[in-house]
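For reference, each letter of the sequence shown is one residue, going 14 to 125 in my numbering. Backbone N, C-alpha and C fix where the C-beta goes; we use that ideal spot for every residue, glycine too. Input: a single structure, listed below in structure tokens.
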Amino acid sequence: MTEYTVEFVGTGETIEVADTDTILSRCLDEGVAQEYSCRVGMCLACTAEIVEGEVTQPAARGLTDEEKETYALTCMARPKSDLKLDRGKYPPSIEDDAAVEAGTDEEAPADD
Ligand code: FES
Numbered sequence: 014m015t016e017y018t019v020e021f022v023g024t025g026e027t028i029e030v031a032d033t034d035t036i037l038s039r040c041l042d043e044g045v046a047q048e049y050s051c052r053v054g055m056c057l058a059c060t061a062e063i064v065e066g067e068v069t070q071p072a073a074r075g076l077t078d079e080e081k082e083t084y085a086l087t088c089m090a091r092p093k094s095d096l097k098l099d100r101g102k103y104p105p106s107i108e109d110d111a112a113v114e115a116g117t118d119e120e121a122p123a124d125d
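Right, here's the structure in full:
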């Protein structure tokens, strides 16, 4: 077992996470306010952008293979190196869906 340091950018929070643990489980143990819901890799509530480092997350079904390069589902992701994560950052596909649901993706009406 190897332990890695996981730093959450902009918060000053740092935790140690073993390569056998998920990042979310250690957040919950350490009182880090990581959002989550399903805990089975489907809802994306626990997503964080990978600013630096690598994770393994083969069961992160809610992300495409391409998205897994840049985003971690913390309920599924285990560290493969020291990490810097930006919590609350979601893949563009999710951000687009949220904007559509909120009605904020429409262009401003023309003035004429
Ligand atoms: S809590 Fe739902 S995907 Fe992680």
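Would you call residue i buried or exposed, if buried means 16 or more other Cβ atoms sit within 10 Å of its Cβ?
i, result
"residue 120", "Low confidence applies to residue 120: its pLDDT is 49, below 50, so where it sits in the model is not reliable, and the reading given next is rough at best. Exposed, since its Cβ has fewer than 16 Cβ neighbours within 10 Å."
"residue 14", "exposed"
"residue 46", "exposed"
"residue 44", "exposed"
"residue 77", "exposed"
"residue 40", "buried"
"residue 53", "exposed"
"residue 105", "exposed"
"residue 83", "exposed"
Where does the unbroken alpha helix (DSSP H) through residue i begin, and where does it stop?
i, result
"residue 20", "No alpha helix (DSSP H) holds residue 20; the beta strand (DSSP E) holding it covers 16-21."
Could you check how far apart the C-beta atoms of residue i and residue j are, in whole angstroms? I think they sit under 8 Å.
i, j, result
"residue 128", "residue 20", "Absent from the structure is residue 128, since the part of the chain shown begins at 14 and ends at 125."
"residue 97", "residue 75", "So it is not a contact: roughly 22 Å between Cβ atoms."
"residue 81", "residue 73", "6 Å"
**OP:** Pair every Cβ in the region 29-47 with every Cβ in the region 78-91, then say whether three or more of these pairs are closer than 8 Å.
**Re:** yes
**OP:** Identify every run of the beta strand (DSSP E) within the region 26-107, keeping only runs that are complete inside it and at least 3 residues long; order them along the chain.
**Re:** 26-31, 60-65, 84-86, 96-100
Original post:
When the Cβ atoms of the region 21-28 are set against those of the region 52-60, are three or more pairs found closer than 8 Å?
Top reply: no
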